[in-house]
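**Q** Structure incoming, see below.
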Amino acid sequence: MTTRSIVFPIYRNQANVPSLMQAVANFHARYVGDIEFVFVIDGSPDESGPLLLNALKTSGFDYKIIFHSRNFGSFTAIRTGLEHASGDHVAAMAADLQEPPELIVEFFSILDKDGADVVFGRRTGRNDPPITRFLSKAFWAAYRRLVLPSMPSGGVDIFACNRQVLEAILSIEEPNSSLVVQLFWVGFRREFVPYRRREREHGTSAWSMARRFRYMMDSIFSFSDFPIILTLWVGFAGCLLSLMFAAVTVAARLLGNIDAAGYTTLVLLIVGFGSASLMVQGILGCYLWRAVENTKSRPLRVISRVVEGTSK
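Heads up: the sequence shown at position 282 corresponds to 318 in the working numbering, and the numbers run straight through without jumps.
Rendered as structure tokens:
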């Protein structure tokens, strides 16, 4: 077993392969013979996999390349890498290198000194277009409020942990969940290292708004009872308003102020309560669907092949 492992999820990173290999070479030079690199090709439709295979064959690095049978998502790819990592200390970072690789060195230093069990990068700024910064800030503000208040304001894109935390994470086998929230949920001693995110040099991010929304929903329904509590209070408020409306209607009828049933009022009530009922059923359906998913015992991902190389 090596002391250190670094996991890289790979999806549409063809243009980043040369820069990634340079970063990997720098890590190898620092931790000669005591580091392995785990690359997970997450059903990438470009040439990322073949390019990495060719680059690593003669590299002299300890490495593993795991191919998913299709795209299962970046967090699932990271989990696959964690499962195959053999290091006592394991880090994960994106292959686009927007998070400075130097952070990993600092993470390993903290873990080596037993200063923490898990270390996160805390983003203090980002060199992205204004609209991207605004959307990211709004997304993580909502995430912190609805899911995890202790989440850093810029989210978590890079981390490292010891074997104890790793085994705790791998003991959780839940589909449609959040790896990052799991890292907070298991507890242990945490450390945060501030950094400024770099501008992306090659390609475009696959982290679309649709993926963000799906990630938000998975996190909320897996780790928060907010929708259920909100539904409960909305239903309670609706009952109070209905009773008040009924009392006013009866009083008005007895006083002769209502001659006929109000068509507009009836339509509004039907539409309002009908929509509310559908919303409640939708929320409950989301929880039930996730509960059913957890009973199917399907694998979280399917691996098509694994390629390994060694420096020995």
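Ideal Cβ placement from N, Cα and C applies to all residues, glycine included. None of these values were measured; they are calculated from a predicted model.
1. Hey, out of F63, T346, Y99, whose CA is closest to L139's CA?
2. Candidates M129, E72, T38: which alpha carbon is nearest F195's?
3. Is it buried or exposed, Y299, if we count other Cβ atoms within 10 angstroms and call 16 or more buried?
4. Assuming F97 and R158 make a contact with CB atoms under 8 Å, what is their CB distance in whole Å?
5. Could you give the residue range of the beta strand (DSSP E) that holds K93?
6. Would you report the Cα separation of F75 and V316, rounded to the nearest angstrom?
7. Is the CB-CB distance between A121 and N52 below 8 Å?
8. I need the boundaries of the alpha helix (DSSP H) containing S110, first residue and last residue.
9. Let's see if you can read the secondary structure: which residues bound the beta strand (DSSP E) around A65?
10. For A91 and E209, I'd like the C-alpha separation in whole angstroms.
11. Going along the chain, which residues of its own chain have a beta-carbon closer than 6 Å to the beta-carbon of Q218, five neighbours each way excluded?
12. Who are the near neighbours of T38 in its chain, counting only those whose CB is closer than 7 Å to its CB and skipping five residues on each side?
13. Opposite K351 in the DSSP bridges: which residues?
14. How many angstroms separate the CA atom of L324 from the CA atom of K93?
15. Pick from V126, L133, V60: whose alpha carbon is nearest that of V155?
16. Could you give the first and the last residue of the continuous alpha helix (DSSP H) run that contains T140?
17. So, for T346: in the same chain, excluding its five sequence neighbours on each side, which residues have a beta-carbon less than 7 Å away from its beta-carbon?
**A** The structure says:
1. Residue numbering aside, residue 139 sits at position 103 when the sequence shown is read from its first letter. The residue with the shortest Cα to Cα distance from L139 is F63.
2. Locating residue 195 in the sequence shown gives position 159, counting from the first residue. The candidate whose alpha carbon is nearest that of F195 is M129.
3. Translated into positions along the sequence shown, residue 299 becomes position 263. Residue placement at Y299 cannot be trusted, given a pLDDT of 47 that sits under 50; what the coordinates show is reported in the next sentence. Y299 should be labelled exposed.
4. Working through the sequence shown from its first residue, we reach residue 97 at position 61. Working through the sequence shown from its first residue, we reach residue 158 at position 122. Wrong, their Cβ atoms sit about 29 Å apart, outside the cutoff.
5. Against the sequence shown, residue 93 aligns to sequence position 57. Counting along the chain, K93 falls outside any beta strand (DSSP E), though it belongs to the alpha helix (DSSP H) covering 84-93.
6. Taking the first residue of the sequence shown as position 1, residue 75 is located at position 39. Taking the first residue of the sequence shown as position 1, residue 316 is located at position 280. Approximately 42 Å between the Cα atoms of the pair.
7. Here residue 121 corresponds to residue number 85 of the sequence shown, with the count starting at 1. Here residue 52 corresponds to residue number 16 of the sequence shown, with the count starting at 1. No, Cβ-Cβ distance for A121 and N52 is not below 8 Å.
8. To locate residue 110, count along the sequence shown from 1; it is residue 74. 110-120 is the span of the alpha helix (DSSP H), which, as asked, contains S110.
9. Start at 1 with the first residue of the sequence shown, and residue 65 comes out as number 29. Note, A65: premise wrong, no beta strand (DSSP E); alpha helix (DSSP H) at 53-66.
10. By one-based count along the sequence shown, residue 91 stands at place 55. By one-based count along the sequence shown, residue 209 stands at place 173. Between A91 and E209, the C-alpha separation is close to 33 Å.
11. The residue you call residue 218 lines up with position 182 of the sequence shown. These residues qualify, in order along the chain: I205, I208.
12. Here residue 38 refers to the residue found at position 2 when the sequence shown is read from its first residue. Answer for T38: D70, I71, E72, D98, S122, G123, listed in chain order.
13. Within the shown structure, residues of the chain are numbered from 37 to 348, placing residue 351 beyond reach of any answer.
14. Here residue 324 is taken as the residue at index 288 of the sequence shown, counted from 1. Here residue 93 is taken as the residue at index 57 of the sequence shown, counted from 1. About 47 Å.
15. One-based indexing of the sequence shown puts residue 155 at position 119. The option with the nearest alpha carbon to V155 is V126.
16. Numbered from 1 along the sequence shown, position 104 holds the residue referred to as residue 140. It should be pointed out that residue 140 corresponds to Ile in this sequence rather than to Thr. That run of the alpha helix (DSSP H) goes 138-148.
17. The residue you call residue 346 lines up with position 310 of the sequence shown. D98.
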